[in-house]
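Written out below as C-alpha cells is the structure these notes cover.
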Amino acid sequence: MSLIVRNISSLREEWKQLIKKKLKKNKRKNQYTLSYKFENNANNNTNKSDSLLIVKKIPYSIPTNNVFRLQTNIQFSLNINNEFSMGSLSVDPHSNNYKVVRTDKRKNLTILTLDQIDRPITPSEVLYRIFKSRNEQLAEAFHQFNLRNLNPSQFKFNELSEMIEYEQSIKCQPYACYVQIYENGMWRTFQKIFNQKMLQVFGVSEEMLIHYCNETKLIPISAFLDASDEQLKVFYQIFCGIVEQIESNRDFINYNGERFTVSLKMRSFFIKDEDKDQLFEYMYSVTECENKWMSENRVRTNQMEYFNIKPSYSTTDESSYIESNKRCGFKYIG
C-alpha cells in the first residue's frame, strides 16, 4: 500500500475516535456510602450525550478580511501576511481557511492534519471579476481550475497501484502532498504532508516544523510570494500547473531568507474509496533543485537558533573529560 495512504487511513481513524470518544464517569466504590451522583436528576436527561469537546479557536494571526473561501477549495487572499511566518518562509495560502489541529511523524513523513475555519462561501464569480480586472490570463487560469473542481464525475480516476508506483519514483526527491476529500458537493483539504527532503529545502527540522505548527496553527511554505506582484504570477503558475499537470520554474525562499529557483511538478491522483463512497485527491508537489539547498548542516544550525540552543565549543576530549567528572559519584583523595 502507498505509504501516504496507509498513514492517512490510520490517522483518520484515530481522529474519528477522538471526536466520538465519550467521557466515562465511574461511580465511587465504597461499601459504607451511597453511590455518588455526578449530576442532579434535573440535569441527567440533558447530559446523557455529553462528549469530548474540541474547541475551534481561530488563531489571531489568521487574517479575517480579504479572505475567500470557495466551494472548489481554491485558496486566495488579497493580502500577503507573513508577520507570523517561520523565519523567512512564506505562509501557505491554505492557512487562510485551515488551521493545524494535529501533527504526526511517520517514518520520513511529517503529517499536518487540518481543520477548516468556518467562513461564508464566496461565489467564484466574485474572485473571477477581481482577477479579470487585473490580469486576463490569471482570470482564465482561475476559471479553468475552478471548472476542474466543480464536476468530480468528469474526473479520470486512478488505481492505487499507479500512485504507489509514482511514490516510489519520487521517494528520493523533495515533495509535499495535499490530501483533499470531496464531501457534500465540496472539496476540503484534510492534510498536508512533507517528506524529510522537502523540509531540508525549507531549511528546517521536523522538530522545528511541529513546534511552529502547534504554536501558531499556521502552515509554512517555501514558495516566494512577492507582495509587490499581488500574488498574480505565482497564482497563475499554480492554477496552470494543477490543471495541466505541467512543470514550471518557481522562486523559492528558505528559513534563512535565501532565494533560489526550483523546478516544480504538480501531479494529482483521484482515488475512489468504494467501501466508504468517498473521493480523495492526492496532489503531489515535487521539487527539483541544486543539492546545496538541501544542506543538513544548515538545518542543524537553524534548529539550534530556533530553540535558542547554545553550541558547545569544547573539543571531544574536553567534553568527555567534563562529562566523566559530572558523572563521578565520589572524590579521589591524593
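FYI, the numbering for the sequence shown is 416 to 749, going by the working numbering.
Ideal Cβ placement from N, Cα and C applies to all residues, glycine included.
Since this is a predicted model, take the numbers as computed values, not measurements.
Within the continuous beta strand (DSSP E) that includes residue i, where are the two ends?
{"i": "A591", "result": "590 to 598"}
{"i": "L529", "result": "524 to 531"}
{"i": "K707", "result": "Run containing K707: none; DSSP gives neither H nor E here."}
{"i": "D519", "result": "513 to 521"}
{"i": "Q490", "result": "490 to 492"}
{"i": "F572", "result": "Neither: F572 is in no beta strand (DSSP E) and is coded neither H nor E."}
{"i": "F483", "result": "482 to 484"}
Are the CB atoms of residue i and residue j nearer to each other than 8 Å?
{"i": "Q606", "j": "T528", "result": "yes"}
{"i": "Y590", "j": "V701", "result": "yes"}
{"i": "F572", "j": "F685", "result": "yes"}
{"i": "I495", "j": "N512", "result": "no"}
{"i": "F650", "j": "Q559", "result": "no"}
{"i": "E703", "j": "Q611", "result": "no"}
{"i": "N629", "j": "T518", "result": "yes"}
{"i": "I419", "j": "E582", "result": "yes"}
{"i": "F546", "j": "F557", "result": "yes"}
{"i": "M501", "j": "V619", "result": "yes"}
{"i": "C592", "j": "M698", "result": "yes"}
{"i": "D530", "j": "K514", "result": "yes"}
{"i": "L647", "j": "R549", "result": "yes"}
{"i": "F609", "j": "F639", "result": "no"}
{"i": "Q718", "j": "E622", "result": "yes"}
Taking residue i as part of the alpha helix (DSSP H), name the residues at either end of that continuous run.
{"i": "K612", "result": "611 to 617"}
{"i": "I579", "result": "575 to 585"}
{"i": "Q559", "result": "551 to 565"}
{"i": "H629", "result": "Strictly speaking, residue 629 in this sequence is Asn, with His absent from that position. Where N629 is concerned, the enclosing alpha helix (DSSP H) stretches over 621 to 631."}
{"i": "L647", "result": "647 to 659"}
{"i": "N717", "result": "711 to 721"}
Among the options, whose alpha-carbon lies nearest the alpha-carbon of residue i?
{"i": "E598", "options": "P567, C592, F609", "result": "P567"}
{"i": "N669", "options": "S637, S710, R544, K648", "result": "S637"}
{"i": "Q652", "options": "E582, S663, L640, Q569", "result": "S663"}
{"i": "K687", "options": "Q588, I585, V594", "result": "V594"}
{"i": "R713", "options": "L614, K632, F557", "result": "L614"}
{"i": "L624", "options": "L504, S710, E498", "result": "L504"}
{"i": "T604", "options": "I579, E577, I634, Q583", "result": "I634"}
{"i": "E577", "options": "E551, C628, R682", "result": "R682"}
{"i": "D507", "options": "E673, E582, F617, D692", "result": "F617"}
{"i": "P538", "options": "I419, V482, N706, F499", "result": "V482"}
{"i": "K707", "options": "K632, M719, E673", "result": "E673"}
{"i": "H509", "options": "A554, S584, N523, W602", "result": "W602"}
{"i": "N497", "options": "R665, T631, A554", "result": "T631"}
{"i": "V750", "options": "S492, P535, Q718, Y627", "result": "Any question about residue 750 goes unanswered here, given that the chain covers just 416 to 749."}
{"i": "Y543", "options": "I596, S492, Q660, L575", "result": "S492"}
{"i": "K691", "options": "N671, E711, I596, I724", "result": "I596"}
{"i": "L575", "options": "N523, L553, E689, F499", "result": "E689"}
{"i": "G600", "options": "I536, K586, V541, A642", "result": "I536"}
{"i": "K522", "options": "K586, R484, Q552", "result": "K586"}
{"i": "D641", "options": "R665, G656, I661", "result": "R665"}
{"i": "N671", "options": "E705, G656, Y721", "result": "Y721"}
{"i": "F675", "options": "E555, E705, I661", "result": "E705"}
{"i": "G656", "options": "F499, L553, R534", "result": "L553"}
{"i": "V541", "options": "E711, R484, R534", "result": "R484"}
To which residues does DSSP link residue i through a beta bridge?
{"i": "S683", "result": "M698"}
{"i": "T537", "result": "None; T537 has no bridge partner."}
{"i": "E662", "result": "K680"}
{"i": "K691", "result": "Paired residue(s): none; K691 is not in a bridge."}
{"i": "V506", "result": "P635"}
{"i": "R603", "result": "I596"}
{"i": "F499", "result": "Beta-bridge pairing links F499 to no other residue."}
{"i": "R674", "result": "I668"}
At a cut-off of 7 Å, is residue i close to the ligand FMN when judged by its beta-carbon and the heavy atoms of the ligand?
{"i": "P567", "result": "As presented, the structure is devoid of all ligands, the ligand FMN included, so that no description of it is given."}
Checklist entry - Does the region 482 to 494 touch the region 557 to 567, meaning 3 or more C-beta pairs lie closer than 8 Å? => result yes
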